[in-house]
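Read through the structure below, which is laid out as structure tokens, and then see the notes.
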Amino acid sequence: MAKALTSEQLFARFQAFDEAAEHLQLDWTDNPLEREQGLIVSQQIRLLADKARNKAQKALRREEAAAAAKRKFESRNQ
6 MAKALTSEQL
16 FARFQAFDEA
26 AEHLQLDWTD
36 NPLEREQGLI
46 VSQQIRLLAD
56 KARNKAQKAL
66 RREEAAAAAK
76 RKFESRNQ
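Residue numbers (this note's numbering): 6 to 83.
In structure tokens, the structure reads:
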């Protein structure tokens, strides 16, 4: 079974996908075919970036809830 990634790792993955999608827009090329293909791939990678961002936000909420529960438990047992 794969190890669950932390919210920080998931946010890093989001940022990598986001940067790749931006790069693949190929604004710097004069070749219309390259621009079109780059845009298509960029859109696909942007979807991956969105999924990674959503997973990171969900993981962060889960980590925050776990930390709050731990603090509450520890304060009750002191």
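Backbone N, C-alpha and C fix where the C-beta goes; we use that ideal spot for every residue, glycine too.
Taking C-beta atoms as the reference points, residue 64 and residue 19 fail to come closer than 8 Å. Within its own chain, the residues whose Cβ lies closer than 7 Å to the Cβ of residue 29, once the five positions on either side in sequence are excluded, are 43, 46, 47 and 50, listed in chain order. Excluding five sequence positions before and after residue 58, the CB atoms of its chain that fall closer than 6 Å to its own CB belong to 19, given in chain order. The alpha-carbon separation between residue 23 and residue 76 amounts to approximately 35 Å. Here the alpha carbons of residue 12 and residue 37 stand approximately 38 Å from one another. In the DSSP annotation of this structure, the continuous segment of the alpha helix (DSSP H) that includes residue 62 starts and ends at 37 to 81. Around the beta carbon of residue 52, fewer than 16 other beta carbons sit within 10 angstroms, so the residue counts as exposed.
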